[in-house]
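**Q**
Residue numbers (UniProt numbering): 1 to 281.
1) What residue does the beta strand (DSSP E) around residue 25 start on, and which one ends it?
2) Quick check on the burial criterion: 16 or more other C-beta atoms within 10 angstroms. Buried or exposed for residue 253?
3) Terminal residues of the continuous alpha helix (DSSP H) containing residue 182?
4) Which residue's Cα is closest to the Cα of residue 10: 37, 93, 80 and 16?
5) Cβ of residue 211 within 9 Å of Cβ of residue 203?
6) If you measure between the beta carbons of residue 261 and residue 18, is that distance less than 9 Å?
7) For residue 202, which residues does DSSP report across the bridge?
8) With which residues is residue 233 paired in a DSSP beta bridge?
9) Given a cut-off of 9 Å, decide if residue 2 and residue 86 are closer than it, judged by their beta-carbon atoms.
10) Is the CB-CB distance between residue 63 and residue 29 below 9 Å?
11) DSSP on residue 151, reduced to helix/strand/coil?
12) Is the beta carbon of residue 249 sitting closer than 9 Å to the one on residue 97?
13) Between 46, 108, 125 and 191, which has its C-alpha nearest residue 136's C-alpha?
14) Are the beta-carbon atoms of residue 84 and residue 227 separated by less than 9 Å?
15) Among 141, 143 and 178, which residue has its Cα nearest to the Cα of residue 157?
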């Protein structure tokens, strides 16, 4: 059953001294695709600014803006209404591990099979990936990776940051959804499965009543190429479905930051992120 969800996402910065100029990009507008339709989307800033939009290399809609009046606080708020679809069944015509090892696959998906700074190779993780791949078909591999990641990581907010790599989170044994996704990507790529990072939102309640507003969260999960892209949430151990709203895809978090920019002024402090979600239907 499809859902219709309203999302309000607010984030920003407070500065130690007035900022004279800042140049910013926000990636908080949900995408429209096969399983998701964005019905409404606005991005507003405080102080107010003129914005323009473009699609980046990875297919994410970016809202760009700059400010040239002194300000000590920047707040960016995105409001959207999205219609989502239930999680699809895994693809039926799935390539074999031998097919995935073909050079044509590596050439086609070269950006999604190589390690990154956030998803580096590690001998023990490569060995774990090969062991899982030997015991599972590609179709069963993603859920097995999710199980493995949840055995190694305990979900604990505030223990990592955006610069924490998958290996660092694995060594610490704690992390947030970003770390779960990064660690899953390390295993998937080590096994030869093209894999990409997905950022967006998750509605926290499968039994939410229509019209009920809840505190939601920014969320991250992964997609593996099984003849077509198939999305799986390693943090929760489920395929991405009607409770998941896609905003951006890339190699890792650093391709899809919700807000980034440069400015001239004093030291900045994050205002944090608040997400309110309402099921409309």
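Think of the CB as a built atom: it goes at the ideal place given N, C-alpha and C, for glycine as much as any other residue. In this text, all values refer to a predicted model and were calculated from it rather than measured experimentally.
**A** Let me spell this out:
1) 21-26
2) buried
3) 177-190
4) 80
5) no
6) no
7) 217 and 244
8) 238
9) yes
10) yes
11) helix
12) no
13) 191
14) no
15) 178
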